Amino acid sequence: NTCGFIGDAKEESINTILSFAEAKNENRLKKLYVMGCLSERYREELQEEIPEVDKFYGKFDWRGIINDLGKSYYKEYEFERSLSTPSHYAYLKISEGCNRTCSYCSIPLITGKYNSRPIEKIEEEVRRLVDKGVKEFQFIAQDLTYYGLDLYKSMKLPELVERVSDIKGVEWIRLHYAYPAHFPLDLLRVMRERDNVCKYLDIALQHISDRMLKIMRRNITKQQTIDLINTIREEVPGIHLRTTMMVGHPGEQQEDFDELMDFVSEFKFERLGAFPYSHEEDTYNDKNYKDDVDASVKQERMNKIMEAQEAISLSINEMKIGDTLKVIVDREDSEFYVGRTQFDSPEVDGEVLISKEIKLNVGDFYDVTIESAYPFDLIGSVR
């Protein structure tokens, strides 16, 4: 299953296919099937370049692959979902596709127009997963905040979150990939009022310079962004915001980057990642701009942002020393139990390392007293 979003993801996907192709040539596997975004977008080229693959499938061709594997039936959502995550949390996709027109993004080319899943179908999936022991749900979509506009003609994310939070057994709901333009402010009331909705929001800002926001076609201004961040923090006290920043976009000048650095330093996001611009074919940028920022400059700018964020993150974590936080245990290592607070998403955020003085169960919640802090991780114990 492949990803074709940016250059690094394409390279990783192709290398994985090649490693399986080698295994097939050595008779270590009989059949090799490839599906997902890379296959959706570059099927003909891949067929020509990697003949060891028996068949390529598009991102949505479940019917084809199931039939070819020997099943003669298929009906959407009726298959039993298996988890690739630990059994206590799951990613919950609420939609496919994207209607935004960001200049750099190839996702709409791969996934098509926004397609919301019906609320009832999502509720059914949540109930099935709760019955399997899932306690934490990571809501994901290319754009969470657009949810419902296509299907119900109005923004339905607040209602969806409320309805899922009402389901018995749902301990945590975490929201990923909100879009800042036209943000549904009623969502903040839901986050504030519902104890099982994590005080955590992943909202990709990408930049703050008005000039760059316009070039990126983000449909929001610097002041509107600042007003939104201030409103979120006022309406949901204690919320932890995760964001991403893109550096080296075509046209980004030193003044734009300096403005971005000042913004990061002033607003002190609890969680922040930065990545260098990747020039993707067939996007608006590919047709209208040159990739004119040198790769070394992109890397230098990314390093500067992440260095600043490391200091910010350390100061935020140090303020937690002495606090007792609700933590879910993800796994047991040789020296520690490893868990997360409501402010930490799996794989992308920090972790809480818990001393093994008391036996803990993976997948359970515990009150952990924080004793020391690192830039991205915390250390504590159950007393």
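Per the working numbering, the very first residue in the sequence shown carries number 50; after that it's consecutive. All residues carry an ideal CB built from backbone N, CA and C; glycine is no exception. Keep in mind that this is a model prediction, so the values were computed, not measured.
Collapsed DSSP secondary structure at residue i in the structure displayed
i                : result
glycine 322      : strand
aspartate 379    : strand
glutamate 185    : strand
valine 411       : coil
tyrosine 106     : coil
aspartate 259    : helix
leucine 374      : strand
leucine 78       : coil
leucine 224      : strand
arginine 90      : helix
aspartate 117    : helix
valine 392       : Checking the sequence shown, residue 392 turns out to be phenylalanine, not valine. Correct three-state label for phenylalanine 392: coil.
leucine 200      : coil
aspartate 180    : helix
phenylalanine 69 : helix
alanine 360      : helix
glutamate 462    : Given that the chain is displayed from residue 50 to residue 432, the structure contains no residue 462 and the question cannot be resolved.
valine 431       : coil
valine 397       : coil
isoleucine 403   : strand
valine 213       : helix
valine 175       : helix
Residues of its chain near residue i, where Cβ-Cβ distance is below 6 Å and the 5 sequence neighbours each way are ignored
i             : result
tyrosine 326  : Met295, Gly297, His298
aspartate 398 : Arg320
histidine 137 : Lys184, Gly412
tyrosine 333  : Ser152
threonine 492 : Summary: the structure shown does not reach residue 492, with the chain confined to residues 50 through 432, and so no result is reported for it.
tyrosine 338  : Pro299
alanine 58    : Cys52
serine 404    : Ser430
Cβ distance (whole Å) where residue i is taken to contact residue j below 8 Å
i                 : j                 : result
phenylalanine 385 : leucine 402       : 4 Å
leucine 141       : phenylalanine 186 : 5 Å
isoleucine 377    : phenylalanine 318 : So it is not a contact: roughly 23 Å between Cβ atoms.
valine 313        : glutamine 348     : Not quite, the Cβ-Cβ distance comes to about 17 Å (not below 8 Å), so this is no contact.
tyrosine 249      : phenylalanine 392 : 5 Å
glutamate 329     : serine 62         : Glutamate 329 to serine 62, Cβ: 14 Å. No contact.
leucine 193       : isoleucine 114    : Going by Cβ atoms, the distance from leucine 193 to isoleucine 114 rounds to 28 Å, so no, they are not a contact pair.
phenylalanine 306 : arginine 260      : Phenylalanine 306 to arginine 260, Cβ: 11 Å. No contact.
glutamate 101     : asparagine 74     : 6 Å
lysine 336        : leucine 427       : Incorrect: roughly 46 Å between the Cβ atoms, too far for contact.
Exposure of residue i, with buried meaning 16 or more beta-carbon neighbours within 10 Å
i             : result
serine 165    : buried
alanine 78    : A small fix is needed here, since residue 78 is leucine in this sequence, not alanine. Exposed, by the Cβ-count rule.
threonine 67  : Note that residue 67 is leucine in the sequence shown here, rather than threonine. The residue in question, leucine 67, is exposed, as its Cβ has fewer than 16 Cβ neighbours within 10 Å.
asparagine 64 : exposed
aspartate 251 : buried
histidine 256 : buried
tyrosine 153  : buried
threonine 150 : exposed
histidine 289 : buried
glycine 287   : exposed
leucine 234   : exposed
arginine 380  : exposed
threonine 292 : buried
serine 421    : exposed
serine 203    : exposed
glutamate 89  : buried
glycine 371   : exposed
threonine 280 : exposed
tyrosine 163  : buried
Near the ligand PLP: residue i beta-carbon under 7 Å from a heavy atom
i          : result
serine 144 : Questions concerning the ligand PLP fall outside what the structure shown contains, since it holds no ligand whatsoever.
Close beta carbons around residue i, own chain, < 7 Å, minus the five adjacent residues each side
i              : result
valine 246     : Val210, Ser214, Ile222, Val239, Met240
asparagine 352 : none
valine 346     : Gly297
leucine 374    : Thr390, Val417, Ile419
leucine 206    : Leu193, Thr194, Tyr196, Gly197, Pro233, Leu236
Own chain residues within Cβ distance below 8 Å of residue i, not counting five before or after
i          : result
valine 179 : Ile216, Lys217, Gly218, Val219
Problem - Whole runs of the beta strand (DSSP E) within the segment 303-356, excluding any shorter than 3 residues - result: Complete beta strand (DSSP E) runs here, min 3: 320-325.
Problem - Every unbroken alpha helix (DSSP H) inside the segment 133-164 [4 residues or more] - result: As far as the segment 133-164 is concerned, its whole alpha helix (DSSP H) runs of at least 4 residues are 156-160.
Practice task
Enumerate, from N- to C-terminal direction, the unbroken beta strand (DSSP E) stretches of 3 or more residues contained entirely within the segment 227-298.
Solution key: The segment 227-298 contains these whole beta strand (DSSP E) runs: 246-252, 289-296.
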